[in-house]
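For our numbering, count along the sequence shown from 1 and bump the result up by 319. Inspection log for the structure reproduced underneath, given as structure tokens.
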Amino acid sequence: MTSTATTITPKGRRFDSPEQEAYLALWRTYDRLRAFEDDLFGQFDLTAQQYNLLRLLAADRPEAVPAAKLLSRLVSKAPDITRMLDRLETRGLLTRSRSGEDRRAIFVAITDAGLALLDELAAPLADCHDRQLGHLRPTELQCLIALLQAAREPHEPDGSPWK
Numbered sequence: 320m321t322s323t324a325t326t327i328t329p330k331g332r333r334f335d336s337p338e339q340e341a342y343l344a345l346w347r348t349y350d351r352l353r354a355f356e357d358d359l360f361g362q363f364d365l366t367a368q369q370y371n372l373l374r375l376l377a378a379d380r381p382e383a384v385p386a387a388k389l390l391s392r393l394v395s396k397a398p399d400i401t402r403m404l405d406r407l408e409t410r411g412l413l414t415r416s417r418s419g420e421d422r423r424a425i426f427v428a429i430t431d432a433g434l435a436l437l438d439e440l441a442a443p444l445a446d447c448h449d450r451q452l453g454h455l456r457p458t459e460l461q462c463l464i465a466l467l468q469a470a471r472e473p474h475e476p477d478g479s480p481w482k
């Protein structure tokens with residue numbers, strides 16, 4: 320449902336609709352909060368997406384995960400999952416193997432080095448999340464989580480873990 324009314328913010332900036340204002344506020348917020356993670360992950364020669372992939376693999380350990388399944392579980396789409404897997408494998412953070420039944424299927428597993436990196440990142444990442452959103456009260460965080468879920472729910476594919 321799109322409104323055609325123009326919204327004027329307190330500082331006089333114009334938006335075509337409340338939906339546009341909300342979307343741009345989300346985008347700006349993402350940009351401001353992402354900067355904290357970019358700085359942190361850069362210190363470990365990682366991207367947020369690579370971290371997310373390692374975290375997913377750690378959750379499934381000791382099982383290897385089909386690469387195709389990983390794509391659907393990532394927080395954001397990975398345009399070139401193969402290159403991301405290549406980089407993490409080169410660093411010894413994960414292993415890849417082919418299925419015995421279907422040579423096209425590739426399975427991915429986190430290594431001990433990958434787990435060690437996640438352990439090393441745990442405390443700095445908790446501090447990062449506190450800097451990002453620690454100023455909000457628990458009730459505000461729960462409200463924010465619920466609103467974001469309601470905003471994306473109709474756009475999530477069936478079977479999404481984010482639904």
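By construction, the Cβ of each residue, glycine as well, lies at the ideal position given by its N, Cα and C atoms.
Proximity below 8 Å, CB of residue i to CB of residue j
{"i": "Pro385", "j": "Ala424", "result": "yes"}
{"i": "Phe360", "j": "Ala367", "result": "yes"}
{"i": "Arg380", "j": "Leu437", "result": "no"}
{"i": "Gln455", "j": "Gly433", "result": "According to the sequence displayed, residue 455 carries Leu and not Gln. No, the Cβ-Cβ distance between Leu455 and Gly433 is not below 8 Å."}
{"i": "Gln369", "j": "Leu407", "result": "yes"}
{"i": "Met403", "j": "Leu372", "result": "yes"}
{"i": "Glu356", "j": "Cys447", "result": "yes"}
{"i": "Leu452", "j": "Leu460", "result": "yes"}
{"i": "Leu440", "j": "Phe363", "result": "yes"}
Boundaries (first-last residue) of the alpha helix (DSSP H) holding residue i
{"i": "Leu467", "result": "Pro457 to Arg471"}
{"i": "Ser391", "result": "Ala386 to Arg392"}
Helix, strand or coil at residue i [DSSP, three-state]
{"i": "Pro476", "result": "coil"}
{"i": "Arg406", "result": "helix"}
{"i": "Pro443", "result": "helix"}
{"i": "Phe363", "result": "coil"}
{"i": "Arg353", "result": "helix"}
{"i": "Arg422", "result": "coil"}
{"i": "Arg333", "result": "strand"}
{"i": "Ala344", "result": "helix"}
{"i": "Ala432", "result": "helix"}
{"i": "Glu338", "result": "helix"}
{"i": "Ala383", "result": "coil"}
{"i": "Asp358", "result": "helix"}
{"i": "Asp449", "result": "helix"}
{"i": "Asp485", "result": "The structure shown does not extend to residue 485, since the chain is modelled only from 320 through 482, so no value can be given for it."}
Element boundaries [beta strand (DSSP E), containing residue i]
{"i": "Phe303", "result": "Because the chain spans 320 through 482 in this model, residue 303 falls outside it and cannot be assessed."}
{"i": "Ser416", "result": "Leu413 to Arg417"}
Fill in: the region 425–435 touching the region 386–393, judged by at least three CB pairs closer than 8 Å
yes
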